[in-house]
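Heads up: the structure comes next, in structure tokens.
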Amino acid sequence: MTKIMKYICRGLLLAMAAFLLVACGQTGGQKANDSNSKLQVVATTTQVDDLMKQIGGDHVEVQGLMGPGVDPHGYEPSPSDTKALQNADVVAYSGFHLEAMFTDLLESLGKEGKATINMSDAVKDSQALASKEEGLTHDPHIWFSVSIWRQAAQHAADQLSEIDPDHKDDYQANAKEYIAKLDDLDDYISQRIEEIPEQSRYLVTAHDAFNYFGQEYDFEVVGIQGLNSQTEAGTGDISQVADLMADNNVKAVFVESSVSDRNVNALLEAASARGHSAEIGGELYSDSLGSDDEGTDTYIAMYKHNVDTIVDALK
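According to the working numbering, the sequence shown is numbered sequentially starting from 42.
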């Protein structure tokens, strides 16, 4: 089957799934009359899952479609995922085409009356980073801007307040409390980054997921692959990054929990061939949070882990 035919077939399958969600009857989308019942929320990514739990608190039950280590760029919903979306009161997703394989399905849910919360709706035009990659109008890795994630928290609270006005005060209080924690996180990040000399603030990673971090905290960010981790890096890409590392004496590169380390190892070999010695500085969480066992299953814990790993390797 040709690549074109594969895209056509995938589009038809997603269209059929969207039709079935509507045709089967909207069992979700409206909160039950019982004021004590919890909103059934389906969240696409681990970051959105955590945010909805933080803001929804005791009034929501959140089901995440993607677990730790899952790459959202290439994730395709299973039949059970489609059923979960059908039965949800609320569907929450990251947006900006991060969920590339089922963006059309997610958008169709909102058009057909399902309550949806798109986190990218919280991003101001002045904050959104443009993308030159096919299929992406903006860089979708918005959670790496703490400023944007504050706005996403408030956006989630406002949307939940409209969907479930009986608990509006609680949603708004949860948002206020969580935003205060994000303020503390921002301070923590800024203080730790001061330990890195300005000339050493180069963040080289497996794929281009950290541009919002770079914009917010004044780092030069370089990804071997593009914004979409499904794209392949060529020898030219690796060669250019190796040159940058040698020219700027970059001493560490970072692997990612949801991306293969193959290109990072190839980069280190290319740098070595130029007489430049570098090492793997550690593993960062990019498109997914970590697990409970790792202690990185919340946004704040994930971000602190990343910053500590970066600072300890580059200072």
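The beta-carbon is built from N, C-alpha and C at its ideal position, and this holds for glycine as well.
Since the model is a prediction, treat every value here as computed from it, not as a measurement.
Annotated as proximal: I96 and Y219, with beta-carbon spacing under 8 Å. In the structure shown, the three-state DSSP call for A214 is helix. G264 places its beta carbon less than 8 Å from that of D249. Separation of S231 and N215 (C-alpha to C-alpha, rounded to the nearest whole angstrom) is 25 Å. In the DSSP annotation of this structure, the continuous segment of the beta strand (DSSP E) that includes A247 starts and ends at Y243 to H248. In this structure, S327 places its C-beta atom within 8 Å of the C-beta atom of S298. Judged by DSSP in its simplified three-state form, Y134 adopts strand. In the structure shown, E235 falls within a coil segment according to DSSP collapsed to helix, strand and coil. As DSSP reads the structure, E297 sits in a beta bridge with L325. Ranking S329, V348, E117 and E102 by CA distance to the CA of A129 puts E102 first. In this structure, L226 and V187 form a Cβ contact; the two beta carbons are roughly 6 Å apart against a cut-off of 8 Å.
Restricting attention to alpha helix (DSSP H) runs no shorter than 4 residues, the segment 149 to 219 encloses them at 187 to 204, ordered along the chain.
Comparing C-alpha distances from I158 to each of A169, F137, S167 and T178 shows the shortest one belongs to F137.
Nearest to H317 by alpha-carbon distance, out of L285, F185 and D224, is L285. Put simply, the backbone Cα of D338 is about 28 Å away from that of L150. Out of A197, D278 and V305, the CA that lies nearest to the CA of E324 is found in V305. Less than 8 Å divides the Cβ of V245 from the Cβ of V291. With the rule of 3 Cβ pairs closer than 8 Å, the segment 80 to 100 counts as touching the segment 192 to 207.
Where A307 is concerned, the enclosing alpha helix (DSSP H) starts and stops at R303 to A314. Looking at the DSSP output, A84 sits in a beta bridge with G105 and A133. Note: E335 is not bridge-paired with any residue in the DSSP secondary-structure output. Secondary structure note for E261: its beta strand (DSSP E) is the uninterrupted segment E261 to Q266. The secondary-structure analysis by DSSP pairs E320 across a beta bridge with A293.
Buried is the label assigned to K155, since at least 16 other Cβ atoms lie within 10 Å of its Cβ. Closest by C-alpha distance to Q213, out of D353, G98 and A247, is G98. Residue burial is scored here from C-beta neighbours: D112 has at least 16 other C-beta atoms within 10 angstroms and is therefore classed as buried. Short of 7 Å from the beta carbon of G336, and not among the five residues preceding or following it, lie these beta carbons of its own chain, in chain order: A342.
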